[in-house]
Amino acid sequence: MAAPLRLEVIVASVRPQRFAPVVADWFLRAANADEAFEVGVIDLAQTPLPVDLTEDAEVRAFQERVGAADAFVAVTSEYNHGYPASLKTALDSAKREWRAKPIGFVSYGGLSGGLRAVEQLRQVVAEIHMVSIRETVSFHEAKRKFDADGNTQDGAAIDAADRLLRQLAWWGKALRSARATDPYPG
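Numbered according to this note's numbering, the sequence shown spans residues 248 to 433.
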């Protein structure tokens, strides 16, 4: 049996009083239950990423962590019809490390459920040569979807998370194998 895929879940919001941990923790329970993955968390509120790409140790450590991963899921809010600047900084703080790796999205927000942010992110990740998983988990009016323990009864989101993880595992395995036998051309 092949080694589990290294999945990094990126928590994008850095705002004080953010709702991101509730959504991220819910998704992490699902991801950790899936034997296809070994799961890590990159919480951008705790990840110092300078806007300029100086060669300091923190940026190098971030790049190495991204490089070691096989797949990603971004848990993102939608702010003003877009995704958080912290996520753009993270994506811009590495280059080749993202290439030929799949990324899925778990979004949340008001009426749109973060889907406008996801559609913008699909353009960005395509530019850095990532494979965007089509299945998306989206929480419309997110604060109403979770109970005090961080659980949800949103059947559509639960089903979407299951499909997202299956698709992410398929792409992750295929791309890990491809990178190992024929490195992605830069």
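Every residue gets a Cβ at the ideal spot worked out from N, C-alpha and C, and that includes glycine. A quick note: this is a predicted structure, and the numbers were derived from the prediction, not measured.
It is roughly 17 Å from the alpha-carbon of Trp345 to the alpha-carbon of Thr294. Contact between Val322 and Ala259 holds: their C-beta atoms lie close to 6 Å from each other, under 8 Å. Contact annotation: the region 379-390 touches the region 349-363, with at least three C-beta pairs closer than 8 Å. Secondary structure at Ser379: strand, using DSSP grouped into helix, strand and coil. Rounded to the nearest whole angstrom, the C-alpha separation of Gln414 and Arg426 is 18 Å.
Gly356 is bridged by DSSP to His387. Apart from sequence neighbours up to five positions away, the residues of its chain that approach Val270 with a beta-carbon distance below 8 Å are Val322, Val353, Tyr355, Phe386, Ala389 and Phe393, ordered along the chain. Here the alpha carbons of Trp273 and Ala403 stand approximately 14 Å from one another.
A direct Cα-Cα distance of roughly 31 Å separates Ala341 from Ile405. Arg253 sits away from Ala308, with the two beta carbons spaced by 7 Å or more. Shortest Cα-Cα distance from Leu358 to any of Asn327, Lys335, Thr428 and Ala421 involves Asn327.
If one requires a minimum length of 4 residues, the alpha helix (DSSP H) runs lying completely within the region 287-339 are 304-315 and 332-339, in chain order. For Phe266, DSSP records no beta bridge to any residue. Within the same chain, Ser354, Gly356, Ser359, Gly361, Arg363 and Ala364 come within 7 Å of Glu325 by CB-CB distance, once the 5 residues on both sides are set aside. Taking the Cβ atoms as the reference, Leu296 lies roughly 10 Å from Leu334, outside the contact range of under 8 Å. DSSP places Glu282 in the coil class of the three-state scheme, outside both helix and strand.
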